Amino acid sequence: MASTLFTRSFLAASHRMITPQKTLNLAAFLSKRAFYSHLGSGSTAYNSTSWARGAMASTGIGPRASYSTSSASTNEPVVSVDWLHANLKEPDLKVLDASWYMPEEQRNPIQEYQVAHIPGALFFDLDGISDRTTSLPHMLPSEEAFAAGC
3 MASTLFTRSF LAASHRMITP QKTLNLAAFL SKRAFYSHLG SGSTAYNSTS WARGAMASTG
63 IGPRASYSTS SASTNEPVVS VDWLHANLKE PDLKVLDASW YMPEEQRNPI QEYQVAHIPG
123 ALFFDLDGIS DRTTSLPHML PSEEAFAAGC
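Once you know that position 25 of the sequence shown is 27 in my numbering, the rest is easy, because the numbers rise by one and skip nothing.
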């Protein structure tokens with residue numbers, strides 16, 4: 003479930019959003035408060051990239067950041083398969099494969115990515131950016147660690 007949610011959250015992230023000058027804004031968005039507040043809504047917005055840009059980008063003015071209130075249902079993908087197929091060649095679109103499996107499944111997401119993935123997709127290592135200062139799995143990293151992982 004965690005991998006599905008993470009994959010859906012980042013599937014339609016655009017190149018313009020993940021640029022050096024905006025990486026800190028994205029990392030600020032992924033603070034625990036912002037992340038968990040975006041999980042509860044039942045609204046679905048998956049037919050355009052405006053959702054990804056609006057919901058995932060934050061605006062940092064001064065020391066405080068403001069966040070969009072848009073969110074996607076956890077039961078729906080961020081974009082449809084048809085939309086992805088139609089827009090896959092757009093130069094701004096970046097597809098991230100953030101696959102992750104429970105240890106007892108004995109699956110290797112990096113190997114699976116290397117064997118087959120959506121053309122042009124990048125592998126996003128969920129374990130690689132996790133906060134290692136806690137014994138809890140997949141905790142959000144510091145802004146610096148997240149920026150380095152992007």
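Note that CB positions come from ideal geometry on N, CA and C, so glycine has one too.
This one's a predicted model, so the numbers in the text were calculated from it and none came from an experiment.
Report all residues from its chain with a CB closer than 6 Å to the CB of residue i; omit the five preceding and five following residues, and keep chain order.
i: Leu124; result: Leu98
Spell out the partners DSSP gives residue i in its beta bridges.
i: Asp99; result: Phe125
Residues in the same chain with beta-carbon distance under 7 Å from residue i, minus the five sequence neighbours each way, listed in chain order, please.
i: Met141; result: Ser132, Asp133
Skipping 5 residues on each side, what residues in its chain have a beta carbon closer than 8 Å to that of residue i?
i: Leu90; result: Val97, Ile120, Pro121, Gly122
i: Asp129; result: Trp102, His140
Looking at the structure shown, is residue i part of a helix, part of a strand, or coil, going by DSSP?
i: Gln23; result: With a pLDDT of 38 at Gln23, under the threshold of 50, the modelled position of that residue is not reliable, and the figure given next carries that caveat. Helix at Gln23.
i: Ala118; result: coil
i: Ser111; result: For clarity, residue 111 is Pro in the given sequence; the question names Ser instead. Note: Pro111 maps to helix in three-state DSSP.
i: Leu90; result: coil
i: Val80; result: coil
i: Pro105; result: helix
Residue i and residue j look like a contact to me (Cβ under 8 Å); what is the Cβ gap, rounded to whole Å?
i: Phe126; j: Ala147; result: Contact doesn't hold; Cβ gap of about 13 Å is too wide.
Closest Cβ-Cβ distance between residue i and chain C: below 8 Å?
i: Pro121; result: Absent from the structure: chain C. Only one protein chain is present.
What I want to know is whether the C-beta of residue i ends up closer than 7 Å to one or more non-hydrogen atoms of the ligand ZN.
i: Trp85; result: The ligand ZN is not among the ligands present in this structure, which contains no ligands whatsoever.
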